[in-house]
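Numbering (the working numbering), first residue to last: 207 to 709.
Report on the structure given below.
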Ligand code: XMP
């Protein structure tokens, strides 16, 4: 199988690059800059991408440029390549990223690219070109925004083709892969199934394993992979933390048992979670409390099942990035299956087969594993559940308002035939009360927000432009049918700067 290796010198871009390559239909994996020559140059190596910048290698492994396959250096990767090949680099402080106008020379790396602004690190530039290299792109500030040596097949760009707000980036990767590396493509996430199953077998050996099922696509796909790897040595646990949507516990449980043939134990822990959350208003504290309580419940259930060494979690890559677990990344939210984990977890380890995949890849993999479409296409639901959709203190009354309004919103979206085309849609209890009038009497009730977004991987989102007639119907139904709610607003914030969930 043809393979691209993304060599990571730190920073948070490596998995995004690997993902862009995989999107083009070529398998890509990320290896650290300390990886051995054997590991990098193994079977099927078709090309290398150098990226990163926070783990500056004491000595750049020059052999990376001498394996006989094309190399693409990105930003820091460009700097190390230029220096290793006899050029020089001028660095300014602080690091300055900006959208920059760019002009490309005619070169196969840029075929079909019209020159949309690129996301550029303007604090660094190649001051002296290495021998045999030519500058092949320029910005106003930087005459060597990209360089190439066509003979040795070494290429480098100072900008970031992998970031989301550069639309032409994917074209650059596909030029690199198909024209320069000679890849043939055709890879898809479905092809990962066997490899992931084998990796789980190797990780857990004969040990007993339990899985945290949430009803969402991530934990379901992760559990099906583990189930295929070790069969009924996997026990699944589905916890109702009291923060699920309308009728969710019943529906999800029936689904797992009837469709996936897995051994699922149901635990109603709602009292316990809601009690712990009394008086808690800070979003991060809520997340930590829920994350910790989850683990405790699992540990207890595992003991009842005779003990388990490993816990399966449906962590996917965006969860890791946003919890600040990627070196150099900032903490946006502690996703409960990553940052919310307490330090003293009573398991030998976590099994997270999806941790380098993005949501759309997980869906494709799920279908390949035979998981029914309606589960694979279920909209994502966060681990902390409605806790992150009730702003401020969580009360049963507020939860009921979210549940009923969300149920109305979801059924109207489905009735309008939009449930597949909108990535995520839900209601939020804003924590705000407003004055209204009903049957000639003053009301002072809760404000509910509607949220509906389009995205491919939850890292950046656009707001869904719902038909006004649909919004009006949803709003009047919520106000008429949900006690305690007298106003509905529509959240039209993109991500960034907003996030999808309100907390
Ligand atoms: P945000 O709000 O960070 O959400 O833009 C991105 C996506 O992740 C989901 N989300 C979570 N999923 N545990 C999860 O499993 C969490 O703690 C969590 N927080 C947010 C969110 O619903 C959206 O799809």
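Built from N, CA and C at the ideal position, the CB exists for glycine as well.
This structure is a prediction, so every number in the text was calculated from the model and none was measured.
Residue i beta carbon near ligand 1 (any heavy atom closer than 7 Å)
i	result
residue 578	no
residue 525	yes
residue 493	yes
residue 372	no
residue 594	yes
residue 705	yes
residue 586	yes
residue 344	no
residue 291	no
residue 336	no
residue 590	yes
residue 561	no
residue 218	no
residue 630	yes
residue 664	yes
residue 604	no
residue 359	no
residue 701	yes
For residue i: DSSP bridge partner residues
i	result
residue 631	658
residue 326	304 and 365
residue 556	517
residue 587	Note: residue 587 sits in no beta bridge, so no partner.
residue 235	211
residue 644	647
residue 334	294
residue 474	446
Close beta carbons around residue i, own chain, < 6 Å, minus the five adjacent residues each side
i	result
residue 372	324 and 325
residue 355	338 and 339
residue 362	279, 284, 287 and 353
residue 462	468 and 470
residue 637	597 and 598
residue 296	331 and 333
Close Cβ partners of residue i (< 8 Å) along its chain, the five nearest in sequence each way excluded
i	result
residue 245	237
residue 639	650, 651, 652 and 653
residue 406	431, 432, 435, 436, 557 and 559
residue 228	234, 393, 395 and 567
Reduced DSSP category for residue i - H, G, I as helix; E, B as strand; rest coil
i	result
residue 429	helix
residue 246	helix
residue 696	strand
residue 213	strand
residue 501	helix
residue 345	coil
residue 565	helix
residue 285	helix
residue 462	helix
residue 444	strand
residue 266	coil
residue 310	strand
residue 339	coil
residue 703	coil
Nonlocal neighbours in the same chain, by C-beta distance under 7 Å from residue i, ignoring five residues either side
i	result
residue 224	212, 234, 235 and 236
residue 635	595, 596, 597, 604, 607, 608, 652 and 654
Inset, instruction - Specify whether the segment 581-593 and the segment 409-423 touch according to this definition: at least 3 beta carbon pairs, one from each stretch, less than 8 Å apart. - result: Yes: at least three Cβ pairs fall under 8 Å.
Inset, instruction - Specify whether the segment 460-474 and the segment 422-440 touch according to this definition: at least 3 beta carbon pairs, one from each stretch, less than 8 Å apart. - result: Verdict: yes, contact present.
Legend entry - Any 3 or more C-beta pairs closer than 8 Å across the segment 566-586 and the segment 689-701: Short answer: they don't touch.
Inset, instruction - Decide yes or no for the touch test of the segment 507-520 against the segment 548-568: beta carbon pairs closer than 8 Å, at least 3 of them. - result: Because the criterion of three Cβ pairs below 8 Å is met, the segment 507-520 and the segment 548-568 touch.
Legend entry - contact_flag[the segment 297-317, the segment 338-346] where n(CB pairs < 8 Å) is 3 or more: With contact defined as three or more Cβ pairs closer than 8 Å, the segment 297-317 and the segment 338-346 are in contact.
Inset, instruction - Could you say if the segment 618-630 and the segment 671-689 meet the contact criterion of at least three C-beta pairs nearer than 8 Å? - result: Touching, yes, given that three or more Cβ pairs across the two stretches are closer than 8 Å.
Inset, instruction - Flag this pair as touching only if the segment 310-324 and the segment 252-260 have three or more C-beta atom pairs under 8 Å; answer yes or no. - result: Contact between the segment 310-324 and the segment 252-260 is absent: fewer than 3 CB-CB pairs across the two stretches fall below 8 Å.
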